[in-house]
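Chemist: Structure below; questions to follow.
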Amino acid sequence: MAQLLNDDIIKQIREVFEGLANPVHIMFFGSKTGCDYCDDTRQLVEEVAAVSDLISINIYDIEADADLAAKYNVDKAPGVVIAAKEGEQITDFGVRLAGIPSGHEFTSLIQDILLVSNRDSGLNPQTREFLKGLDKPVLLQVFVTPT
Amino acid sequence: MIQAEMVEATEFPELSMRHNVSGVPQTTINDGMAHVVGAVPEPNLLAEIQRVLTK
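Heads up: the protein sequence lines correspond to chains S and Y, in order. Just so we're aligned: the first sequence equals residues 5 to 151 in my numbering. Just so we're aligned: the second sequence equals residues 17 to 71 in my numbering.
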């Protein structure tokens, strides 16, 4: 398949990724059935991951790797987990994408990687305080459309 | 404990319909306990989450 990201975009991403502080691990979950955008999404995140040595990526199948998908609460394909990595240790920061991050959402993908790499949410003190004391699960789903 | 997911609505029409997604972005909290349509300032999102958790 032809490269999805052109050299200009790669150059811009490379510049942005110079700000990456710590390793990031991407887990991609595809499906062989009824996933129109799985191939493109997989290729997209692979191309992004290739820009920096600080980003590693593993490709999984939501059916074949059902246990892992369940562990990371991935129930839709294409599903992307953006996690922190220290040596061999993966730490889940709860960041997920479902569906292809195209258009404006591509910027979100890049920003998500930066966020996890910096290990800092950038949130207000009040929000941080609340989240520290959170003892019940919270699921936020932001529905977007391709722009 | 907290997970945030971007969901591309056109690829998941059943889920989008279940949550009555019409305008985007739509932020759905805890599988439909609350919805916020449009850009959400951080304090507003915090308040909505707190509200859902006390229901």
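C-beta: ideal position from N, C-alpha, C; glycine also.
Closer than 6 Å by C-beta to residue 27 (chain Y): which residues in its own chain qualify, once you throw out the five before and the five after it? Chain order, please.
Modeler: As a working mapping, residue 27 (chain Y) is identified with position 11 in the second sequence. Hits under 6 Å: none found.
Chemist: Taking Cβ to Cβ, would you say residue 134 (chain S) is nearer than 8 Å to residue 31 (chain Y)?
Modeler: One-based indexing of the first sequence puts residue 134 (chain S) at position 130. One-based indexing of the second sequence puts residue 31 (chain Y) at position 15. Not a contact, by the Cβ cut-off of 8 Å.
Chemist: Within the 8 Å Cβ cut-off, does residue 47 (chain S) reach chain Y?
Modeler: In the first sequence, residue 47 (chain S) corresponds to position 43, counting from 1. No, its Cβ sits nowhere closer than 8 Å to a Cβ of chain Y.
Chemist: Using DSSP with H/G/I as helix, E/B as strand and the rest coil, what is residue 135 (chain S)?
Modeler: Your numbering for residue 135 (chain S) matches position 131 in the first sequence. Three-state result, residue 135 (chain S): helix.
Chemist: CB-CB under 8 Å to residue 65 (chain S), same chain, minus the five flanking residues each way: which ones, in chain order?
Modeler: In the first sequence, counting from the first residue as 1, residue 65 (chain S) sits at position 61. Excluding sequence neighbours, residue 65 (chain S) sits near 33, 34, 35, 36.
Chemist: In whole angstroms, what is the alpha-carbon distance linking residue 105 (chain S) and residue 71 (chain S)?
Modeler: Taking the first residue of the first sequence as 1, we reach residue 105 (chain S) at position 101. Taking the first residue of the first sequence as 1, we reach residue 71 (chain S) at position 67. Answer to the nearest angstrom: the Cα atoms are 25 Å apart.
Chemist: Classify residue 51 (chain Y) as helix, strand or coil using the three-state DSSP reduction.
Modeler: For the purposes of this step, residue 51 (chain Y) is identified with residue 35 of the second sequence, where counting begins at 1. It is a strand residue.
Chemist: Any beta carbon from chain Y within less than 8 Å of residue 147 (chain S)'s own beta carbon?
Modeler: Locating residue 147 (chain S) in the first sequence gives position 143, counting from the first residue. With 8 Å as the cut-off, residue 147 (chain S) counts as an interface residue toward chain Y.
Chemist: Taking DSSP's pairing of strands, which residues face residue 64 (chain S) in a bridge?
Modeler: Start at 1 with the first residue of the first sequence, and residue 64 (chain S) comes out as number 60. Answer is S:33.
Chemist: Assuming residue 85 (chain S) contacts residue 30 (chain S) (C-beta within less than 8 Å), just tell me the rounded distance between them.
Modeler: Taking the first residue of the first sequence as position 1, residue 85 (chain S) is located at position 81. Taking the first residue of the first sequence as position 1, residue 30 (chain S) is located at position 26. With 8 Å as the limit, residue 85 (chain S) and residue 30 (chain S) qualify as a contact, their Cβ atoms being about 7 Å apart.
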